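J.:
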Amino acid sequence: MVVGLHRKAYIKVDLDVIRQNIKYELTRMEKNQELFAVVKANAYGHGLVPVAKAAKQAGATGFCVAVIDEGVALREAGLTETILVLGVTPSEDAPYLAEYELSTAVGDLEYLQQVYPLLKQSGQKLRVHLALDTGMGRIGFRDQASLLEALNFLQEHTKQFEFEGIFTHFSTADAKDTTYYEQQLARFEELMEVVEKRPRYVHVANSAAAVWHKDCGGNVVRFGITMYGLNPSGTELVLPNEFQPALSFESELVAVKRLAPGDGVGYGKTYTAKEHEWLGTVPVGYADGWLRRMQGYHVLVGGELCEIVGRVCMDQFMVKLPHEFPLKTKVTLLSSEKDAPQSLQNAAAYADTITYEILCGLSERVPRYYQN
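Position 153 (the sequence shown) corresponds to 153 in UniProt numbering; numbering is contiguous.
Structural data, given as C-alpha cells:
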C-alpha cells in the first residue's frame, strides 16, 4: 500500500517507551527466563522492524511472528536471534524456513512426515516447536499418545529436525475467574509427562500469564500486547502502572464550515444540524483503520473534545466543533496517555472491540514516525 506522506495524518511510536516496558517486565521475570518479543501483525501496528530492533536493545532474546514473511523481514533487517513462526506453515515451505533459520510451530505428526523428505533432499534442518492444545482449540497435540509419536519421529530424524521448543497458549489468563486457566495448566503438565528430555525452550506465558500468573512456569515469556503498554484483559484486571502505551494517532482539520439548521452530514445523512453549527473535516477514514463505527466517538480538536458526526468515510470524517477553529488545528484520534479520553482502551470500548483490533487495523497508508 502507498504511504500517505503528503497529508497531515500520522502515527507516532515512542520506542523508548517500548524499551522501558520490556525492561520492567525483565525485572518481574525469573532469572532463568528469556523474553521473546511478539512482533506479529506489523508489531501490533507499531512497525515490525523498528520495534524488533528496540526490543533487542532492551533485552529481548527472540521474536514471535505469525507468518513466514514476517520472520524473513526480520532476518533481512539483520536480526539473528531466534524467530518463531507461531502459525501453521505450509509443508512445502519447510526448506524456505530452514534457509532463513526460522523456527516453526508444529501441531501434528502429519506435518513432520510431509516435510521430512523435503528436508532430507535439501540437506537442511528445521527448527521445531511442538504446540500443545490444552484448551485453546487452535493448533496442537491434544493427547499423550499423538505427542509421543511426534517426539519419537523427531528423535529418529535428528539430521532433519531440531527439537527446539514446546509450548501452549492460555485462553483465559486475562480473566478474574482462573478455573479454566488452572485446567489448561494441569493439562499442559499432564502432556509434558511424556517429554523425557525437555527442549531448549519451554514457553507457556503470554502477556496475561506473565503479568497475573507466576505459577505457569516455562523459561520463555512471549511478551505481546503489554510490550506496547496495553492491558490484555481490557479493564477486568489491573495492569501495573509501569507499563505505558507507546502509540498515538494525530491529524488536523483540513476544512471548517458553518452549517445551517437542517443541513445533513455524511453518507446516508445520519446527522442533521439542529441549529447553526461549526463542522470540521479530518483527512482520515476507514481505509486508514479509523473504523466506520467510530461515529459518535469524541476526538480532541485543539484541546477540546469534539463528537464525530455523520458516518466515517473511507478517507475522511467530520466533527462537530464548539466554535470556529482555524485550519490545520491539531486533532488527536488516539493518545499515548493511558488515562486520556482518547486512549486506545477507550476507543476499543466505544467500538465494542479490543485494543488489539484497533491497533492491527491501522493501515500502512498512515506513516509511522519514531521517537527513540
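A virtual CB, placed ideally from N, CA and C, is assigned to each residue, including glycine.
From a predicted model like this one, the values you see are computed outputs, not experimental measurements.
1) Restricting to Cα atoms, I'd like to know which of PRO245, GLY280, ASP263 and SER233 is closest to ALA255.
2) In terms of residue numbering, what span does the beta strand (DSSP E) encompassing ARG198 cover?
3) DSSP on LEU291, reduced to helix/strand/coil?
4) Quick check on DSSP: helix, strand or coil for PHE161?
5) Quick check on TYR297: does DSSP put it in helix, strand or coil?
6) Which same chain residues end up closer than 8 Å to TYR369 when comparing Cβ atoms and leaving out the 5 residues on each side of it in sequence?
7) Among the candidates PRO199, VAL221, TYR201 and ARG198, whose CA atom is the shortest distance from the CA of ALA209?
8) Candidates LEU334, PRO322 and ILE308: which alpha carbon is nearest GLN316's?
9) Say whether the region 287 to 295 touches the region 256 to 264, bearing in mind that this needs 3 or more beta-carbon pairs closer than 8 Å, one atom from each stretch.
10) Exposed or buried, which one is ARG28 when buried takes at least 16 other CB atoms within 10 Å?
11) Contact criterion: CB-CB distance below 8 Å. Does THR89 meet it with respect to chain C?
12) With distance defined between alpha-carbon atoms, name the residue in LYS40, ALA43, TYR44 and ALA58 nearest to ASN372.
13) Do you know how far the Cα of SER251 is from the Cα of GLY285?
14) Measuring straight from C-alpha to C-alpha, what distance separates GLY123 and TYR24?
15) Thinking ARG331 and VAL366 are a contact (beta carbons under 8 Å), I'd like their distance in whole angstroms, please.
16) Express the C-alpha separation of CYS313 and PHE223 in angstroms, rounding to a whole number.
17) With a 10 Å radius around its C-beta and 16 neighbouring C-beta atoms as the bar for buried, classify ASP143 as buried or exposed.
18) DSSP three-state label for SER171, please.
19) Have a look at GLY62 and VAL2 and give me their C-alpha separation to the nearest angstrom.
20) Which residue's Cα is closest to the Cα of GLN184: GLY229, ALA145 and GLY137?
21) Considering only the alpha carbon of each residue, which of GLY266, VAL88, SER335 and GLN244 lies closest to ASP16?
T.: Reading off the structure:
1) Closest by alpha carbon: GLY280.
2) Taken as a continuous stretch (DSSP letters only), ARG198 belongs to no beta strand (DSSP E), as it is neither H nor E.
3) In this structure, LEU291 counts as coil in the three-state DSSP scheme.
4) Residue state, collapsed to three classes: strand.
5) Reduced to three states, the DSSP call for TYR297 is coil.
6) Sequence-distant Cβ neighbours of TYR369 in its own chain, meaning closer than 8 Å and more than five residues away, are TYR10, ILE11, LYS12 and VAL13.
7) Ranking the options by Cα distance to ALA209, first place goes to VAL221.
8) The shortest Cα separation from GLN316 among LEU334, PRO322 and ILE308 belongs to ILE308.
9) Note that the region 287 to 295 does not touch the region 256 to 264; fewer than 3 beta-carbon pairs, one per stretch, sit closer than 8 Å.
10) ARG28 counts as exposed, since fewer than 16 other beta carbons sit within 10 angstroms of its beta carbon.
11) Any reference to chain C falls outside this structure, which holds one protein chain only.
12) Ranking the options by Cα distance to ASN372, first place goes to ALA58.
13) Those two C-alpha atoms are separated by around 11 Å.
14) Approximately 42 Å between the Cα atoms of the pair.
15) As written in the sequence, residue 331 is Val, which differs from the Arg given in the question. About 13 Å separates the Cβ atoms of VAL331 and VAL366, ruling out a contact at the 8 Å cut-off.
16) The straight-line gap from Cα to Cα measures roughly 35 Å.
17) Exposed, by the Cβ-count rule.
18) SER171 falls in the coil class under three-state DSSP.
19) Taking the straight line from one Cα to the other gives about 30 Å.
20) For the residues GLY229, ALA145 and GLY137, the minimum Cα distance to GLN184 belongs to GLY137.
21) Distances from the alpha-carbon of ASP16 to those of GLY266, VAL88, SER335 and GLN244 put GLN244 closest.
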